[in-house]
Amino acid sequence: MEVREVELPGIGMKFSFETAEGETICVIIHKTGRREIYRFLPAQETPESVIELSDTEARELGAILIGTHFQPDVQDTARLVMKELTIEWLKVPAHSPLAGKTIQENRVRKLTGATIIALFGPTKKILNPGPDTPIDAGDTVVVVGEQSQIDQFKQRFALR
Amino acid sequence: MLFQLGLILLVLYLGALLAHRVKQSSVPVFILAGLGLQAFVEHSPLIDFMAQLGVMLLLFMIGLEFSPERLRHGGRRLVLAGALDVLINLPVGILVGLAIGLNLLEALILGGAVYISSSAIVARNIIEFRRAANPETEYVLGVLVFEDIFIALYLSVLTGLVHVGGLQAGEVLLVFLKTVGFFGVAVLAAIGLRAWLSRLLAHESIEVFLLLVLALILLLAAMAEWLGLSGAVGAFLTGFILPEREFRERVERVIVPFRDLFAAIFFVSFGLLMDLSHVSHMLLASFLVILVAVWGKLGTGWMIGRLVRLSKNASWRLGVALIPRGEFSIILAGLAPTPSILGVTVITVLVLALLTPLLMKRFH
């Protein structure tokens with residue numbers, strides 16, 4: 133998903149992206165801290181609806197959306213991009229070299245530079261897993277690193 | 023004097039209240055307030071001085087929006103849009119000036135006033151009408167950035183020309199070179215002194231910050247005046263030199279109140295100075311100027327919009343958004359030796375400020 137970022141001099145910043153349904157979601161962060169979320173229907177250039185939020189409201193909504201209060205089951209892939217670091221939730225398919233081996237055996241950090249910071253499975257939930265933690269097919273790994281390291285991680289271990 | 027100043031501020035308070043209520047820019051309201059105050063308050067050197075401080079602080083805040091980095095990020099398409107805007111609107115503004123019988127120097131002043139949109143009013147309208155996310159808005163704001171830089175140069179050159187009182191080739195060249203030289207030195211200073219200034223400004227005491235910033239503004243303004251340029255341009259360049267991003271919040275807290283106060287006095291002083299006995303003569307000229315000002319921007323918006331493949335509707339909206347004129351037009355008109363230019367400009371600013379919201383609703 134590509135997020136377009138444009139500076140609006142005198143007003144603030146504009147972030148926009150297109151959803152799978154073809155709608156455009158556009159977030160304006162005003163210099164004053166006010167946020168606006170605009171929803172454009174496909175091929176429309178005037179917004180269908182607008183949500184206006186104060187700084188505090190926006191942060192709360194952001195926390196809700198990111199899953200702070202409730203994590204849905206569909207967490208096979210998720211991504212959190214910060215200034216320098218990216219955190220990504222990735223589901224491990226059976227054909228991935230990761231499956232069935234420990235973190236150490238895969239030499240994750242040595243080969244990619246990325247670090248696995250958590251591991252979830254149907255019956256397990258391991259935070260900060262040690263090098264001898266085994267990973268099974270179907271688990272979800274949470275990995276942190278620079279974007280390039282994460283990309284390398286996904287490529288090497290055949291994760292989406 | 024205390025009573026007069028107090029009275030001015032009281033009327034301004036009512037004006038600001040009204041402007042807020044009807045969701046209008048306070049600029050035209052303040053000018054009208056000045057007109058209304060003519061019977062009670064005399065324009066004095068003190069008011070004039072405070073008005074000058076107002077211009078400097080206005081320009082300083084605009085300059086603050088710019089930085090060497092931001093100019094590099096400008097983007098070719100935005101430069102193209104800005105160039106188109108100046109190539110259309112400045113010449114038509116000058117032509118209408120000549121058509122209503124001004125001499126060349128006066129026509130150049132009016133041309134600038136017709137050309138320059140008001141960043142403050144435009145940005146306010148965009149927020150008010152929820153246009154911030156629209157496709158044309160990026161171009162509107164890009165054009166404004168271009169305009170502000172251009173007009174700072176233009177203002178500087180014109181001030182120099184008014185100062186020497188003529189348009190002889192040698193003098194024009196000299197003033198132009200001085201301006202370019204001053205801007206050039208400021209850009210170098212901006213790049214070279216950033217880190218050092220940044221450390222000085224980061225002082226924990228807000229008092230230290232305030233005094234340093236105001237001292238820099240006044241000293242650069244004085245330097246510009248000494249060079250025969252406009253003091254306001256010196257203030258603009260101070261804003262350009264200071265590292266804005268790190269101190270945005272401090273500036274908002276410390277400098278903006280001063281700007282709001284003195285800029286209000288600046289606008290009121292125009293109302294105080296306007297000679298109402300000539301209004302009837304100015305109406306026809308104003309009508310022409312308004313016509314040109316509206317259609318110039320509509321045409322510009324249409325051309326830019328079509329050039330960057332916006333829809334027809336968005337192209338109209340682009341033009342409409344650019345219509346308001348404001349503080350810069352009035353600053354420019356204030357340079358003119360003949361009062362009728364100021365009168366015409368004030369009327370134009372007032373009418374366009376009221377007209378634009380109607381047009382914005384129309385082109386939804």
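Residue numbers (this note's numbering), protein chains in the order written: chain A, 133 to 292; chain P, 23 to 386. Don't be surprised by glycine CBs; every beta carbon is placed ideally from N, CA and C.
Member of the options whose CA lies at the smallest distance from the CA of residue i
i, options, result
"LYS45 of chain P", "P:PHE350, P:ASN147, P:ALA355", "P:ASN147"
"GLY182 of chain P", "P:LEU199, P:PHE168, P:LEU210, P:TRP338", "P:LEU199"
"LEU177 of chain P", "P:GLU128, P:PRO157, P:SER299", "P:GLU128"
"LEU18 of chain P", "P:LEU377, P:VAL314, P:LEU81", "Lying outside 23 to 386, the shown extent of chain P, residue 18 of chain P is not represented and no answer is given."
"HIS162 of chain A", "A:MET133, A:ALA175, A:PHE147", "A:PHE147"
"SER139 of chain P", "P:LEU374, P:ILE228, P:PRO265, P:LEU233", "P:LEU374"
"GLU168 of chain A", "A:GLN176, A:THR178, A:ALA175, A:SER186", "A:SER186"
"VAL235 of chain P", "P:TRP248, P:ALA257, P:SER252", "P:ALA257"
"VAL371 of chain P", "P:ILE228, P:HIS65, P:SER308", "P:SER308"
"VAL184 of chain P", "P:VAL144, P:ARG275, P:GLY250, P:ARG99", "P:GLY250"
"PRO179 of chain A", "P:GLY115, P:ALA154, P:GLY76", "P:ALA154"
"GLU193 of chain P", "P:GLY318, P:SER227, P:VAL179, P:GLY348", "P:VAL179"
"TYR161 of chain P", "P:PRO359, P:ILE326, P:LYS334", "P:ILE326"
"GLY115 of chain P", "P:ALA355, P:THR360, P:PRO67", "P:ALA355"
"LEU109 of chain P", "P:SER337, P:ASN335, P:LYS334, P:GLY321", "P:GLY321"
"SER220 of chain P", "P:ARG272, P:SER337, P:VAL290", "P:ARG272"
"TYR35 of chain P", "P:PHE52, P:MET23, P:MET304", "P:PHE52"
"GLY261 of chain P", "P:ILE69, P:LEU39, P:LEU240, P:GLU247", "P:LEU240"
"VAL273 of chain A", "A:LEU222, A:PRO263, A:PHE285, A:GLY245", "A:LEU222"
"LEU112 of chain P", "P:LEU259, P:PHE88, P:LEU130, P:PHE168", "P:LEU130"
Test item: CB-CB of residue i and residue j under 8 Å
i, j, result
"LEU243 of chain A", "ARG292 of chain A", "no"
"PHE172 of chain A", "THR151 of chain A", "no"
"ALA269 of chain A", "PRO229 of chain A", "no"
"LEU163 of chain P", "GLY144 of chain A", "no"
"ARG328 of chain P", "PHE385 of chain P", "no"
"ILE345 of chain P", "THR378 of chain P", "yes"
"ALA135 of chain P", "THR367 of chain P", "yes"
"LEU86 of chain P", "PHE284 of chain P", "no"
"SER47 of chain P", "GLY293 of chain P", "no"
"ASP22 of chain P", "PRO361 of chain P", "Given a span of 23 to 386 for chain P in the structure shown, any question on residue 22 of chain P remains unanswerable."
"GLU158 of chain P", "ALA336 of chain P", "yes"
"VAL290 of chain P", "GLY28 of chain P", "no"
"ILE267 of chain A", "LYS233 of chain A", "yes"
Straight-line Cα distance separating residue j from residue i
i, j, result
"ALA73 of chain P", "LEU364 of chain P", "15 Å"
"LEU251 of chain A", "LEU381 of chain P", "58 Å"
"GLY165 of chain A", "GLU189 of chain A", "11 Å"
"ASN156 of chain P", "LEU166 of chain P", "16 Å"
"GLU153 of chain A", "GLU134 of chain A", "14 Å"
"ARG136 of chain A", "ARG270 of chain P", "24 Å"
"ASP282 of chain P", "LYS319 of chain P", "28 Å"
"ASP107 of chain P", "ASP283 of chain A", "44 Å"
"GLY253 of chain P", "ALA244 of chain P", "6 Å"
"ASN260 of chain A", "ILE196 of chain A", "24 Å"
"LEU357 of chain P", "ARG331 of chain P", "39 Å"
"PRO50 of chain P", "HIS42 of chain P", "12 Å"
"ALA253 of chain A", "ASP271 of chain A", "Residue 253 of chain A is actually Gly in this sequence, not Ala. Taking the straight line from one Cα to the other gives about 4 Å."
"MET83 of chain P", "PRO265 of chain P", "12 Å"
"PHE204 of chain P", "LEU75 of chain P", "21 Å"
"GLU192 of chain A", "PHE149 of chain A", "21 Å"
"ALA286 of chain P", "VAL276 of chain A", "52 Å"
"VAL202 of chain P", "LEU124 of chain P", "27 Å"
"GLN26 of chain P", "ALA142 of chain P", "28 Å"
"ILE160 of chain A", "GLU177 of chain A", "16 Å"
"SER227 of chain P", "ILE219 of chain A", "39 Å"
"VAL182 of chain A", "PRO174 of chain A", "15 Å"
"HIS300 of chain P", "GLN60 of chain P", "15 Å"
"GLN236 of chain A", "THR255 of chain A", "22 Å"
"LEU102 of chain P", "ALA38 of chain P", "37 Å"
"VAL276 of chain P", "LEU210 of chain P", "27 Å"
"TYR170 of chain A", "ARG98 of chain P", "27 Å"
Cβ-heavy atom distance, residue i to the ligand FMN, below 7 Å
i, result
"LEU295 of chain P", "With respect to the ligand FMN, the structure shown offers nothing to examine, as it has no ligands at all."
Quick check for students: name the residue ranges of the alpha helix (DSSP H) that lie wholly in the segment 85 to 139 of chain P, counting only runs of 4 or more. 90 to 95, 98 to 121, 126 to 137
In chain order, which continuous runs of the alpha helix (DSSP H) of length 4 or greater are located wholly inside the segment 304 to 385 of chain P? 334 to 343, 349 to 355, 361 to 384
Positions along the segment 131 to 156 of chain P whose CB lies within less than 7 Å of some CB in chain A: SER141, ALA145, ILE148, ILE149, ARG152, ALA154, ALA155, ASN156
Quick one, which residues of the segment 174 to 187 of chain A are near chain P if we go by CB-CB under 8 Å, in chain order? GLU177, THR178, PRO179, VAL182
Please give me, in chain order, every unbroken run of the alpha helix (DSSP H) with length at least 4 that falls completely inside the segment 151 to 210 of chain P. 159 to 186
Can you list, in chain order, the residues of the segment 257 to 282 of chain P whose Cβ is nearer than 7 Å to any Cβ on chain A? none
Within the segment 212 to 283 of chain A, note down every full alpha helix (DSSP H) run reaching 4 residues or more, in order along the chain. Complete alpha helix (DSSP H) runs here, min 4: 235 to 238, 240 to 244.
Give me the subset of the segment 205 to 229 of chain P whose CB atoms are less than 8 Å from a CB atom of chain A, sorted by chain position. Correct list: empty, as no residue qualifies.
Beta carbons nearer than 9 Å to chain P: which residues of the segment 140 to 163 of chain A have them? LEU140, PRO141, GLY142, ILE143, GLY144, LYS146, SER148, THR156, CYS158, VAL159, ILE160, HIS162, LYS163
To be precise: take each residue of the segment 333 to 359 of chain P, compare its Cβ to all Cβ atoms of chain A, and keep it if any distance is under 8 Å. Which residues remain? Listed by position, the residues of the segment 333 to 359 of chain P near chain A (Cβ gap below 8 Å) are SER333, ASN335, ALA336.
Quick one: which residues of the segment 40 to 59 of chain P get their C-beta closer than 9 Å to a C-beta of chain A? List them in chain order. none
What residues in the segment 159 to 182 of chain P bring their beta carbon closer than 8 Å to a beta carbon of chain A? THR159, GLU160, LEU163, GLY164, LEU166, VAL167
Using a Cβ cut-off of 8 Å, which residues of the segment 57 to 76 of chain P contact any Cβ in chain A, in chain order? none
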